[in-house]
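Okay, structure first, notes after.
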Amino acid sequence: MAQRVQVLPGKAQKSPAVVPKRDKNPHPGFQSQAGILFLQSTAGNAAVSALLDVQRQAVAVKPRTTTTGSHPLVKRGSSGPVVEELQTKLNLIPSGAPDAFLNVSGSFDALTETAVNAFQTNVMGMAVPDGKVGKNTWPAIDNAVVAAENTPHAHPVLHLNDSSAAVGEAQEKLNAVGAAPVLSVDAMFGAPMLTAVKNFQHTSMAIAIPSGVVDAPTWTALDNAAAGGGTRAARGGTGIEEHVGPAGGGSPLAAAMGSTHVVVGAGNVLKGIAVKEMQQKLNGFLRGKGKAFMKANGVAVLGEDGTFGPKTQKVLTLFQTQNGLLPPTGVADAATWNRLDAFTSTVGTESRRWQEVVGGHTYGLTSVYSWALTPKTITVTVGLNFVPPAPAVPMPPAPLGTWLGFIKQTWNQFKAVNVADPTKSINIAFNPIQSTDPSARTVRVMPGAGRSDAGRFFVVDPNIANTVSHEFGHMIGLKDEYQQTAADYRASTGYEAPVGQTTGPTSGKTPAQVAQQLQTAIVNRSAPSVSPSPAAQVVAGMGQGAFAQRVIAAYRALPSVAVAAVAHVAAAPPNLGVQASPAFATTGDLVKDLDTGLTNFDLGSIPNDKYQVIEVLSYDSGSIMGDPSRQADQHEHGAEPRHVREFTQIVAHTKGGAWEPRQR
Numbered sequence: 005m006a007q008r009v010q011v012l013p014g015k016a017q018k019s020p021a022v023v024p025k026r027d028k029n030p031h032p033g034f035q036s037q038a039g040i041l042f043l044q045s046t047a048g049n050a051a052v053s054a055l056l057d058v059q060r061q062a063v064a065v066k067p068r069t070t071t072t073g074s075h076p077l078v079k080r081g082s083s084g085p086v087v088e089e090l091q092t093k094l095n096l097i098p099s100g101a102p103d104a105f106l107n108v109s110g111s112f113d114a115l116t117e118t119a120v121n122a123f124q125t126n127v128m129g130m131a132v133p134d135g136k137v138g139k140n141t142w143p144a145i146d147n148a149v150v151a152a153e154n155t156p157h158a159h160p161v162l163h164l165n166d167s168s169a170a171v172g173e174a175q176e177k178l179n180a181v182g183a184a185p186v187l188s189v190d191a192m193f194g195a196p197m198l199t200a201v202k203n204f205q206h207t208s209m210a211i212a213i214p215s216g217v218v219d220a221p222t223w224t225a226l227d228n229a230a231a232g233g234g235t236r237a238a239r240g241g242t243g244i245e246e247h248v249g250p251a252g253g254g255s256p257l258a259a260a261m262g263s264t265h266v267v268v269g270a271g272n273v274l275k276g277i278a279v280k281e282m283q284q285k286l287n288g289f290l291r292g293k294g295k296a297f298m299k300a301n302g303v304a305v306l307g308e309d310g311t312f313g314p315k316t317q318k319v320l321t322l323f324q325t326q327n328g329l330l331p332p333t334g335v336a337d338a339a340t341w342n343r344l345d346a347f348t349s350t351v352g353t354e355s356r357r358w359q360e361v362v363g364g365h366t367y368g369l370t371s372v373y374s375w376a377l378t379p380k381t382i383t384v385t386v387g388l389n390f391v392p393p394a395p396a397v398p399m400p401p402a403p404l405g406t407w408l409g410f411i412k413q414t415w416n417q418f419k420a421v422n423v424a425d426p427t428k429s430i431n432i433a434f435n436p437i438q439s440t441d442p443s444a445r446t447v448r449v450m451p452g453a454g455r456s457d458a459g460r461f462f463v464v465d466p467n468i469a470n471t472v473s474h475e476f477g478h479m480i481g482l483k484d485e486y487q488q489t490a491a492d493y494r495a496s497t498g499y500e501a502p503v504g505q506t507t508g509p510t511s512g513k514t515p516a517q518v519a520q521q522l523q524t525a526i527v528n529r530s531a532p533s534v535s536p537s538p539a540a541q542v543v544a545g546m547g548q549g550a551f552a553q554r555v556i557a558a559y560r561a562l563p564s565v566a567v568a569a570v571a572h573v574a575a576a577p578p579n580l581g582v583q584a585s586p587a588f589a590t591t592g593d594l595v596k597d598l599d600t601g602l603t604n605f606d607l608g609s610i611p612n613d614k615y616q617v618i619e620v621l622s623y624d625s626g627s628i629m630g631d632p633s634r635q636a637d638q639h640e641h642g643a644e645p646r647h648v649r650e651f652t653q654i655v656a657h658t659k660g661g662a663w664e665p666r667q668r
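Residue numbers for the sequence shown follow our numbering, so the first one is 5 and each next one is one higher.
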């Protein structure tokens with residue numbers, strides 16, 4: 005579990021869930037109940053009946069693919085939109101990418117080649133597949149996609165009080181089209197879902213008196229409005245669940261607490277990239293005002309040398325006066341930077357203080373980096389100051405260069421692409437460096453084995469390549485994507501919370517029984533060395549998903565109870581000790597109460613049983629910022645384009661136009 009070097013009070017800043025816009029209906033006059041009544045009064049019941057018959061007819065499901073308009077030969081090593089089209093189409097064909105989804109990256113990699121070979125063998129009957137997609141393979145793929153798209157989905161009709169994975173799939177789609185309030189994806193067709201279905205039928209299907217039954221026409225409308233969902237099993241593969249929601253969506257960047265700029269001026273930062281950024285933006289201000297303005301005020305375009313001198317201070321003071329920032333201080337504070345950011349620069353710095361809630365616990369961090377934009381690349385530099393585990397202790401032998409190499413290997417695979425002209429792109433390059441600059445993140449090099457975090461890298465970390473890459477994500481401002489609530493999962497990944505596991509623990513207990521027993525485990529606060537812990541025994545056989553969400557709801561309904569304090573027990577090998585914990589009253593938030601109530605080892609180390617219990621009752625992504633080792637996700641492959649969107653936005657702000665992140 006990722007640790008933070010600083011714990012901040014309060015709640016994490018959360019990005020609001022994005023609700024897709026609904027398409028406008030071409031016949032708005034007859035979408036409302038008033039419109040139907042008007043038609044009835046003017047044309048009679050027969051006309052109303054005929055209209056409703058037409059509106060209730062199933063229509064062809066919108067294809068989930070896009071075409072580039074050309075089909076050139078592509079093979080291993082090819083890249084671009086045409087490869088994205090190929091990968092998307094192979095994902096829709098059961099034999100195209102058996103039991104695994106391709107990352108729609110636009111890069112023809114080994115997995116894409118394997119999928120092409122499988123298609124050529126299983127569908128085209130080629131004895132010796134060549135892995136190339138040319139004049140013969142493209143038509144075969146297109147025909148297979150048409151067949152797959154036109155194959156009716158095996159959607160059962162759903163009624164109030166039904167319970168199944170299909171109910172969960174419908175809940176995902178209803179959430180994607182704007183169900184309010186957002187439904188818990190618990191695979192239970194209850195009153196909240198009934199309301200959401202009726203609202204969807206009335207507003208999106210123009211049904212004057214909606215039934216609330218998810219029948220074939222309703223399923224078709226939902227499939228059109230929100231693609232994805234269900235599993236590959238319906239198309240010949242295994243039970244890998246498809247996401248509902250756009251790939252690359254979400255807002256994984258942590259919301260900043262206050263300004264993201266350092267203060268520049270007397271008594272603060274006087275030299276470096278932050279000063280140069282300010283000088284460039286002040287020059288943008290001066291050029292916009294013109295030569296006459298500069299002459300009248302006795303100023304000139306600044307030299308962009310990154311040094312705060314009298315000339316820079318004079319222009320800064322003038323800028324503050326012109327923008328109503330009174331009295332003008334000659335110091336670039338948060339309010340001044342807020343105005344300066346209307347102008348562009350080719351360099352910049354960021355100091356982002358943020359916090360998040362993971363597994364019911366609040367963590368905080370300050371992410372610091374600088375960036376420089378050239379015609380071909382935006383380079384993001386993060387300084388790491390590696391120090392010994394304690395003062396006056398020798399630095400343990402450690403492969404510092406190898407650690408930095410792992411970070412580059414994981415993160416240096418993206419580019420910002422101009423939407424209007426995809427031939428224009430800017431590579432996004434991350435440059436972690438060893439640095440003793442005061443702005444560099446201090447990282448203690450720890451001897452022996454351990455789980456590395458943003459403040460400590462262990463020499464013997466069994467998963468060091470992924471761990472340091474994950475922690476680097478925090479250093480550029482990204483939140484964790486594991487042990488999340490449904491709302492946070494949705495906000496950070498862009499995907500609806502998946503249906504997941506609909507069955508309960510191996511003991512066969514009901515959600516209410518599991519909830520009650522978990523509360524009992526919290527009250528009893530067993531020692532962390534007890535394994536399996538009482539809480540772990542209760543959830544044995546459970547996984548993330550619908551049943552777990554029912555347990556959370558059942559726990560919310562329990563009355564609050566008092567939980568006694570736990571005294572500190574110092575570690576004495578082989579006993580790992582117990583962390584002190586104050587008394588508290590349960591809150592109805594199961595994950596939060598588990599985090600507070602299930603005790604930790606001395607010095608704060610989290611027992612594996614505690615981690616596993618909270619894991620079951622939350623959501624993970626399979627990305628590098630999630631927990632791919634515990635929650636496999638065939639749709640995600642380490643770092644994802646959404647994780648570098650902040651740098652694409654810098655490119656867009658400087659160069660103008662719309663840009664989006666893609667893999668190189």
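Beta carbons are placed, not taken as given, at the ideal position from N, Cα and C, and that holds for glycine. As the structure is a prediction and not an experimental result, all values here were calculated from the model.
Nearest CA to the CA of residue i: which residue from the options?
i: glycine 642; options: Asn107, Tyr615, Val161; result: Asn107
i: glutamate 308; options: Asp599, Asp113, Lys513, Val319; result: Val319
i: lysine 285; options: Gly302, Thr340, Ala458, Leu178; result: Thr340
i: glycine 626; options: His75, Asp606, Arg448, Tyr499; result: Tyr499
i: glutamine 505; options: Met546, Val527, Ala525; result: Met546
i: isoleucine 437; options: Gly252, Arg357, Val372; result: Val372
i: threonine 116; options: Ser511, Asp457, Asp134, Met130; result: Asp134
i: tryptophan 663; options: Val518, Tyr623, Pro426; result: Pro426
i: serine 349; options: Val217, Ile382, Arg494; result: Ile382
i: serine 111; options: Asn140, Leu90, Met130; result: Leu90
i: lysine 428; options: Val570, Lys380, Val463; result: Lys380
i: glutamine 548; options: Gly581, Ala501, Met261, Lys136; result: Ala501
i: alanine 596; options: Ser609, Glu619, Ala574, Ser355; result: Here residue 596 turns out to be lysine, not alanine, going by the sequence shown. Of Ser609, Glu619, Ala574, Ser355, the residue nearest in Cα terms is Glu619.
Given residue i, which residues of its chain have a CB within under 8 Å of its CB, disregarding the five upstream and five downstream residues?
i: proline 395; result: none
i: alanine 550; result: Ala169, Gly172, Val189, Asp190, Ala191, Met192, Val503, Gly504, Gln505, Thr506
May I have the straight-line CA-CA distance separating residue i from residue j, to the nearest angstrom?
i: aspartate 637; j: leucine 322; result: 54 Å
i: proline 398; j: leucine 388; result: 18 Å
i: valine 22; j: proline 611; result: Legend: pLDDT at valine 22 = 30, less than 50; position of this residue unreliable, value from coordinates given subsequently. Cα-Cα distance, rounded: 35 Å.
i: valine 351; j: lysine 280; result: 7 Å
i: asparagine 604; j: serine 537; result: 12 Å
i: valine 120; j: histidine 163; result: 41 Å
i: threonine 118; j: arginine 80; result: 10 Å
i: tryptophan 142; j: leucine 96; result: 14 Å
i: threonine 658; j: valine 150; result: 42 Å
i: phenylalanine 651; j: valine 361; result: 24 Å
i: arginine 649; j: proline 532; result: 40 Å
i: glutamate 245; j: valine 161; result: 20 Å
i: alanine 258; j: alanine 491; result: 15 Å
i: tryptophan 407; j: aspartate 484; result: 20 Å
i: glycine 452; j: isoleucine 628; result: 24 Å
i: glycine 252; j: methionine 298; result: 45 Å
i: glycine 39; j: glutamine 205; result: Low confidence applies to glycine 39: its pLDDT is 42, below 50, so where it sits in the model is not reliable, and the reading given next is rough at best. Straight-line Cα distance between these residues: approximately 15 Å.
With a threshold of 16 other CB atoms inside 10 Å of the CB of residue i, please say whether the residue is buried or exposed.
i: leucine 482; result: buried
i: aspartate 613; result: buried
i: valine 555; result: buried
i: alanine 584; result: exposed
i: histidine 159; result: buried
i: arginine 291; result: exposed
i: proline 632; result: buried
i: lysine 93; result: buried
i: lysine 419; result: buried
i: valine 268; result: buried
i: histidine 474; result: buried
Cβ-heavy atom distance between residue i and the ligand COA below 8 Å?
i: lysine 79; result: Among the components of this structure there are no ligands whatsoever, and the ligand COA is therefore not found.
Along the alpha helix (DSSP H) that carries residue i, what are the first and last residues, could you check?
i: lysine 318; result: 314 to 326
i: proline 451; result: Proline 451 -> not in any alpha helix (DSSP H); beta strand (DSSP E) instead, spanning 445 to 453.
i: arginine 554; result: 550 to 560
Can you find the residues in the same chain that come closer than 7 Å, C-beta to C-beta, to residue i, ignoring five residues on each side of it along the sequence?
i: asparagine 416; result: Ala433, Phe434
i: glycine 601; result: Ile526, Arg529, Val567
i: alanine 170; result: His159, Pro160, Leu162
Leaving out the 5 sequence neighbours to the left and right, which residues in its chain are closer than 6 Å to residue i when beta-carbon positions are compared?
i: alanine 558; result: Pro515, Ala516, Ala519
i: glycine 592; result: Arg560
Terminal residues of the continuous beta strand (DSSP E) containing residue i?
i: tyrosine 373; result: 365 to 377
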